[in-house]
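Chain order of the listed sequences is A and B. According to my numbering, the first sequence is numbered sequentially starting from 1023. According to my numbering, the second sequence is numbered sequentially starting from 58. Idealized CB from N, CA, C, for every residue including glycine.
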Amino acid sequence: MAIPLSYNVRSVLGRPWATLATAFGIGMVVAILVLALALANGFQAALVATGSPDNAIVLRKGADSELSSGVSREAANIIRSNPEVATGPEGRPLVSPEVLVLINQERKHGQGPSNVTIRGVDREGLALRDDIKIYEGRDVASGASELLVGKRIADRFEGFGLGQQVNLNQRLFTVVGHFTAGGSGFESEVWGENAVLMPVLRGDVFQSVTFRLKDPARFAALKKELESDPRLGVQLKRERDYYSDLAGPLATSMRVIGILIVLIMAVGALFAAMNTMFASIGSRSREIATMLTLGFGPGALMLAFLVESMLIALLGGVIGCLLALPVNGTATSTTNFSTFSEIAFAFQITPTILGIGMLFALMLGFVGGLLPAWKASRQPLAAAMRAM
Amino acid sequence: MELLPLVWTNLMRNKLRTILTTLSVFVALFLFVLLHGITDTLTASTQVASERRLVTRNKISLVFPLPMSQYEKIKAVPGVSAVSWSNWFGGQDPVDSRGFFAQFAVDAKTYFPLYASDIEIAQASPAPAGTPVPPGVDPKLAAFMNQRDACVVGEKLLLKRGWKLGQTIHLNGTIYPGSWPYVIRAVYRPKIKALDAETMFFHWDYLYEKSNRQAQVGIFIFSLADPSQAATIGKRVDAMFENSSNATHTETERAFQAGFVSMFGNIPFVIQVIGLAVAFSIFLVAAVTMMMAIRERTNEFAVLKTLGFGDGSVFLMVLAEAGAITLTGGLAGSLLAKFLLERTGLMVPGFSTMIVRWDTVLLGIGVAVLMGAFSGLLPAWQASRLKIVDALRKVG
Chain A
1023 MAIPLSYNVR SVLGRPWATL ATAFGIGMVV AILVLALALA NGFQAALVAT
1073 GSPDNAIVLR KGADSELSSG VSREAANIIR SNPEVATGPE GRPLVSPEVL
1123 VLINQERKHG QGPSNVTIRG VDREGLALRD DIKIYEGRDV ASGASELLVG
1173 KRIADRFEGF GLGQQVNLNQ RLFTVVGHFT AGGSGFESEV WGENAVLMPV
1223 LRGDVFQSVT FRLKDPARFA ALKKELESDP RLGVQLKRER DYYSDLAGPL
1273 ATSMRVIGIL IVLIMAVGAL FAAMNTMFAS IGSRSREIAT MLTLGFGPGA
1323 LMLAFLVESM LIALLGGVIG CLLALPVNGT ATSTTNFSTF SEIAFAFQIT
1373 PTILGIGMLF ALMLGFVGGL LPAWKASRQP LAAAMRAM
Chain B
58 MELLPLVWTN LMRNKLRTIL TTLSVFVALF LFVLLHGITD TLTASTQVAS
108 ERRLVTRNKI SLVFPLPMSQ YEKIKAVPGV SAVSWSNWFG GQDPVDSRGF
158 FAQFAVDAKT YFPLYASDIE IAQASPAPAG TPVPPGVDPK LAAFMNQRDA
208 CVVGEKLLLK RGWKLGQTIH LNGTIYPGSW PYVIRAVYRP KIKALDAETM
258 FFHWDYLYEK SNRQAQVGIF IFSLADPSQA ATIGKRVDAM FENSSNATHT
308 ETERAFQAGF VSMFGNIPFV IQVIGLAVAF SIFLVAAVTM MMAIRERTNE
358 FAVLKTLGFG DGSVFLMVLA EAGAITLTGG LAGSLLAKFL LERTGLMVPG
408 FSTMIVRWDT VLLGIGVAVL MGAFSGLLPA WQASRLKIVD ALRKVG
């Protein structure tokens, strides 16, 4: 026969401080786990959201990012005239050959300099990206030396306020607007018109060509066609895949480092949980003897103590999730070394991540309770009685 | 002093609890020191960079090259003693495209003399006797100097990739397209621990002969006759090019390196916060364990007091017990973290060499002592305030 659950609940409540301290220890481990996963998740989400599944991006063959890529004007024109490229309402093909450079700029609050991406887009560039909204100022005038600055850059870096001027190769560009991009990586960029930026920055070469697919299902055939065209020497990727590939290395190392920390921490918390369980069982020889006398078997006892340990862990899991939740949405930034430039993103806690956290807590409770529970259930009745 | 045997006996009465608590403190401090080690490593990577050398890059950002014509002009600035240059290559090993390492195309005849105090040549292919090397270049580099597609790789890189001296390796260029063959002709070893041992150097001439591009320079590096003039000379160099189409930004090598570290943004700060959170949660657990240990022994303290032990002695005894546990755990955890990270292959992903400063180890031990003091304080106070009558009444 099993020992009723209420027995465990009462024992746990009977020693509130020890229970809380152990639960808190487990809670911290869970909180760090949740935060590490949320960090990696938020970073990846920002980059994945950057690309649209309906867009394709063309880079030079062998280039691992736009930074190391180069696409000639001639190649851009060949791509523009491909029938698989979708056309806009005015009948113009939705293509944006883009120039991309980095400028080194000081962060606010004396946090040192970092690299900011400057992207020169075609007039169709804005139409290709659905979520771009200018929330302050205005759009750049065609042909003028003007820039639009993404919100996360405007907030974090010096020198990007409305009306401020940026010196690029002896030419002054004025910031005329700030934009949001639905939380995607574009919010961490500065945009201008490619025709204006290109001669100033890179000479006669684009870094990439992005276009809307007329039929996204025919991507594979188009990829084959363009990549085998000897005039082009390019590679084709879906825009979404391109950006999520860029997230890969950093997101992976965030997860690996996070999980490494959590595993080491878990060992510490495990010792603590065992300690509490041993102490709690040690002070209950009397109860254990009584239960054995009443006819509860060692199996039932072991199960009961395991359940008790997992109850404490469950509480710990809840504490951990609650500790982590307020951080959800907090923005932070770092350099993505795949693009060598600053990217801002927010911690993103999802139900799955919370679930992983709770599961991990339960696992800690189980493993931590195993040895004490086993020891308790193996207590010979005579010895237990003597302790009375 | 006569209290010590008592403290020892108390620690040994519940061996399992003592061991478990010590172990949890041990793990906490191990992690604390490990996390601090990451920040230490980042700081160390800037500190090894010289303040005696200056680096000139394109003012807009590192991504933009500089024209070769600036070389003679920088060299002519009074106070500049030697100038070299390098380019970032950005190649990928097709065998393992995720395993990143840095490759630089350098002007070997000027580059290696400039870094002679930082790196030494550990292995090198033999060259025919009497093969000339430029002045200041390690004679061991003779074979490398006289082969167009030769390269020098770091000792750790060689080991990690399983390469051998004399082997031909291939890299795929991301910036300079195509497949690039190189022959490993020498292996370098950093003389300073924090310096990267996973870099590859090859001839700058090879880069432009093979890529058929207009030859340009990534950065210029130069040394000074008088390092105290760094700021003045840096300004003078930048002033020369200020109104050209290739404006420059000159800073000390250390500041240049610090620029990379600052790119991590607030990640190092987040890591330190985690370290503190770990220490704090384990502190709580240690405190509760101490309280449990003391509560169990209420009547023993009463007996001690009856025997004539003063309040102060009882207080010290309990405090010493807590201190012994956290100090042992803390000492072992902190020292092990230093040893493991610096001496063995264990490392945090993304770092090739880990540095843990002694300050950090001391900080870890300090945290452990504080943990012991605070976790013991309340139980010690309770035990010392215990009235014999009350305590003995609880017997049973």
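Pairwise C-alpha distance: residue j and residue i
i	j	result
A:T1109	A:E1146	10 Å
B:S307	B:I117	Sequence inspection shows Thr at residue 307 of chain B; the Ser mentioned does not correspond to that position. Using only the alpha carbons, I get a separation of about 12 Å.
A:S1091	A:V1227	9 Å
B:T98	B:T410	8 Å
B:R70	B:G369	22 Å
B:L420	A:G1214	49 Å
A:E1158	A:T1361	27 Å
B:L215	B:G147	18 Å
A:R1262	A:L1148	17 Å
A:G1134	B:A315	9 Å
B:A377	B:V64	7 Å
B:V240	A:L1336	59 Å
B:Q271	B:Y265	7 Å
B:R293	A:D1076	52 Å
B:V152	B:R218	10 Å
B:F194	B:A173	Note on identity: in this sequence residue 194 of chain B is Val, with Phe being the wrong assignment. Cα to Cα, the separation comes out at about 8 Å.
A:F1086	B:S236	Note on residue identity: the sequence assigns Asp, not Phe, to residue 1086 of chain A. Rounded to whole angstroms, A:D1086 to B:S236 spans 14 Å at the Cα level.
B:P170	B:P192	8 Å
B:T167	B:P238	23 Å
A:D1161	A:V1256	32 Å
B:D253	B:S441	56 Å
B:I249	B:A379	41 Å
A:R1141	B:F89	41 Å
B:S268	B:P234	8 Å
B:G433	A:G1304	22 Å
B:S338	A:F1046	7 Å
A:G1391	A:A1383	12 Å
Listed by chain order, chain B residues near residue i by CB distance under 7 Å
i	result
A:L1258	Going along chain B, no residue has its Cβ under 7 Å from A:L1258, so there is no contact; the nearest lies around 16 Å.
A:F1046	S338 and L341
A:M1296	L77
A:A1311	Simply none; closest approach about 17 Å.
Chain B contact residues for residue i, given Cβ-Cβ distances below 8 Å
i	result
A:L1190	I117
A:W1039	V345 and M348
Beta-carbon neighbours of residue i, restricted to chain A and to distances below 7 Å
i	result
B:V274	Near B:V274 there are no residues of chain A at all, since even the closest Cβ is about 17 Å away, more than 7 Å.
B:S302	N1191 and Q1192
Chain-ordered chain A contacts of residue i [CB-CB under 8 Å]
i	result
B:A334	M1050, A1053 and I1054
B:V120	L1089, V1123, L1124, N1137 and F1362
Under 9 Å from the C-beta of residue i: neighbouring residues of chain B
i	result
A:T1354	G322, N323, I324 and V327
Evaluate contact between the stretch 382-393 of chain B and the stretch 420-428 of chain B, counting only Cβ atoms and requiring at least three cross-stretch pairs below 8 Å.
yes
Closer than 9 Å, Cβ to any Cβ of chain A: which residues of the stretch 279-296 of chain B, in chain order?
none
Could you pull out every unbroken beta strand (DSSP E) segment of at least 3 residues lying fully inside the stretch 1137-1186 of chain A, listed in chain order?
1155-1159 and 1168-1172
Hey, is the stretch 129-149 of chain B in contact with the stretch 333-347 of chain B, meaning 3+ C-beta pairs nearer than 8 Å?
no
Which residues, in chain order, does the stretch 315-330 of chain B contribute to contact with chain A at a C-beta distance below 9 Å?
A315, G316, F317, V318, S319, M320, F321, G322, N323, I324, V327 and I328
Output needed in chain order: residues of the stretch 73-92 of chain B with a Cβ under 9 Å from some Cβ in chain A.
L73, R74, I76, L77, T78, T79, L80, S81, V82, F83, V84, A85, F87, L88, L91 and L92
Cβ pair count under 8 Å reaching 3, the stretch 1375-1387 of chain A against the stretch 1285-1297 of chain A
yes
Using a Cβ-Cβ cut-off of less than 7 Å, give me the residues of the stretch 211-244 of chain B that come near chain A, in sequence order.
N229, G230, T231, I232 and P234
According to a CB-to-CB cut-off of less than 8 Å, which residues of the stretch 346-362 of chain B neighbour chain A?
T346, M348, M349 and E353
Is there contact here, the stretch 1064-1071 of chain A with the stretch 1230-1239 of chain A, by at least three beta-carbon pairs under 8 Å?
no
Residues in the stretch 1078-1112 of chain A with C-beta within 7 Å of chain B's C-beta atoms, listed in sequence order?
R1082, K1083, G1084, A1085, D1086, L1089 and S1090
Examine the Cβ distances between the stretch 1196-1212 of chain A and the stretch 1156-1173 of chain A and report whether three or more of them are shorter than 8 Å.
yes
Going residue by residue through the stretch 346-408 of chain B, where are the continuous beta strand (DSSP E) segments of at least 3 residues, counting only ones entirely within it?
none
Whether or not the stretch 1047-1066 of chain A and the stretch 1346-1355 of chain A are in contact is what I'm after, with contact meaning three or more pairs of Cβ atoms, one per stretch, closer than 8 Å; do they touch?
yes
What runs of the beta strand (DSSP E), each 3 residues or longer, lie entirely inside the stretch 1303-1389 of chain A?
1353-1358 and 1363-1368
Contained alpha helix (DSSP H) runs [length at least 4] in the stretch 208-253 of chain B, N- to C-terminal order:
212-218
For the stretch 1334-1349 of chain A against the stretch 1093-1108 of chain A, are there 3 or more C-beta pairs whose distance is under 8 Å?
no
At 4 residues or longer, and completely inside the stretch 1218-1248 of chain A: list those alpha helix (DSSP H) runs for me, N to C.
none
Chain B contacts from the stretch 1225-1236 of chain A (Cβ-Cβ distance under 7 Å):
none
Taking contact to mean at least 3 C-beta pairs separated by less than 8 Å, is the stretch 1308-1325 of chain A in contact with the stretch 118-133 of chain B?
no
Using a beta-carbon distance cut-off of less than 7 Å, what residues from the stretch 1163-1181 of chain A approach chain B?
none
For the stretch 1134-1165 of chain A, which residues have a beta carbon sitting closer than 8 Å to at least one beta carbon of chain B?
G1134, P1135, S1136 and N1137
Would you mind listing the beta strand (DSSP E) stretches within the stretch 1068-1105 of chain A that are 3+ residues and don't spill past its ends, in chain order?
1077-1082
Which residues, in chain order, does the stretch 1117-1130 of chain A contribute to contact with chain B at a C-beta distance below 7 Å?
V1123, L1124, I1125 and N1126
Tell me, please, whether the stretch 1027-1046 of chain A touches the stretch 1337-1345 of chain A by the rule of three or more beta-carbon pairs shorter than 8 Å.
yes
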